[in-house]
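Here the structure comes first, spelled out in structure tokens, and everything after it is commentary.
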Amino acid sequence: MSALPNYAPACRPMRPEDLDRVCAIERRIYAFPWSQGNFADSLTAGYLCTVMECAGTLVGYGVLTSAAGEAHLLNLSIDAPWQGQGLGRALLMYHIDLARSHDARIVLLEVRPSNAAARALYERAGFERIALRRGYYPAEHGREDALVLVLRL
Ligand SMILES: CC(C)(COP(=O)(O)OP(=O)(O)OC[C@H]1O[C@@H](n2cnc3c(N)ncnc32)[C@H](O)[C@@H]1OP(=O)(O)O)[C@@H](O)C(=O)NCCC(=O)NCCS
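Read in our numbering, the sequence shown has 23 at position 15, and its numbers run on one by one without any break.
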């Protein structure tokens, strides 16, 4: 099991001035990154956008929506040099608690079947597969399906 590093991670709401750093990470870790506009729109729409910092360095972020008892985790990311130290699990747990505090009864998310690290993270946190969305994601050659996972709170 990954152990948290010595420096305690702290989560806080994302602000517009974080977007340059968030997008630099996003471009580093995804072949098909969200645009700065996607994050700006999420802030404007009032989505629950969070950043995680370790000793003043922005190391990760997430975007969650919650309405009518259903939360949807739209983005969960840890910067490449900070992966594999337990931060992704801590950030996921933060979002699950956030969903609970907004009276969600379930948390939904989509994940690429090829994303072994994320699938293992979600499965170990108790998420179960409930559906497959065919051709949901862009991919190097055509499209890739999405697994739809649910966590019942
Ligand atoms: C997925 C991601 C958030 C995980 O964050 P992380 O900080 O690296 O993960 P942690 O160190 O907290 O590990 C938590 C669990 O994830 C799984 N995991 C993490 N890295 C893994 C890897 N390389 N291979 C397999 N499983 C892995 C394991 O189950 C691990 O638990 P364990 O150490 O007890 O076995 C991170 O790798 C990431 O940001 N990836 C790029 C963006 C992305 O794919 N986001 C998810 C989109 S749905």
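All C-beta atoms, glycine included, are put in the ideal place defined by N, C-alpha and C.
What's the call for Arg87, buried or exposed, on a 16-neighbour Cβ count within 10 Å? Counting from one through the sequence shown, the residue named residue 87 turns up at place 79. Residue identity check: residue 87 is Asp in the sequence provided, not Arg. Flag for Asp87 reads buried.
By the DSSP assignment, the alpha helix (DSSP H) with Met22 in it spans what residues? Here residue 22 is taken as the residue at index 14 of the sequence shown, counted from 1. Per DSSP, Met22 belongs to no alpha helix (DSSP H) and is neither H nor E.
Suppose you measure from the CA of His80 to the CA of Leu116; what does that come to, to the nearest Å? Residue numbering aside, residue 80 sits at position 72 when the sequence shown is read from its first letter. Residue numbering aside, residue 116 sits at position 108 when the sequence shown is read from its first letter. Those two C-alpha atoms are separated by around 5 Å.
I want to check one thing, is the minimum distance from the CB of His94 to the heavy atoms of ligand 1 below 6 Å? Residue mapping note: residue 94 aligns to position 86 of the sequence shown, counting from 1. Note that residue 94 is Gly in the sequence shown, not His. Correct: Gly94 has its Cβ closer than 6 Å to ligand 1.
Spatial neighbours of Glu61 in its chain, beta-carbon cut-off 6 Å, leaving aside the 5 residues before and after: As a working note, residue 61 is residue 53 in the sequence shown. For Glu61, same chain residues with a beta-carbon under 6 Å away, outside a window of 5 residues either side, are Ala18 in chain order.
Paired residues, beta bridge with Glu118 - DSSP: Residue numbering aside, residue 118 sits at position 110 when the sequence shown is read from its first letter. DSSP output for Glu118 lists Val156 as bridge partner(s).
Suppose you measure from the CA of Ser43 to the CA of Pro24; what does that come to, to the nearest Å? Translated into positions along the sequence shown, residue 43 becomes position 35. Translated into positions along the sequence shown, residue 24 becomes position 16. Each residue's Cα considered, the two are about 14 Å apart.
Could you please give me the residues that DSSP links to Leu66 through a beta bridge? Here residue 66 refers to the residue found at position 58 when the sequence shown is read from its first residue. According to DSSP, Leu66 bridges with Glu61.
Return yes when the Cβ of Arg113 is within less than 7 Å of the Cβ of Leu161, no when it is not. As a first step, residue 161 is located in the sequence shown; it is residue number 153 there, counting from the start. As a first step, residue 113 is located in the sequence shown; it is residue number 105 there, counting from the start. Yes, these two residues count as a Cβ contact at 7 Å.
Would you mind sorting Ala32 into buried or exposed? The rule is 16 or more other CB atoms within 10 Å of its CB. For this step, residue 32 is matched to residue 24 along the sequence shown. Exposed: under 16 other Cβ atoms inside 10 Å.
In its own chain, which residues sit with a C-beta less than 8 Å from the C-beta of Arg36, not counting the 5 before and 5 after it? What you label residue 36 is simply residue 28 of the sequence shown in a count that begins at 1. Asp87 and Ala88, listed in sequence order.
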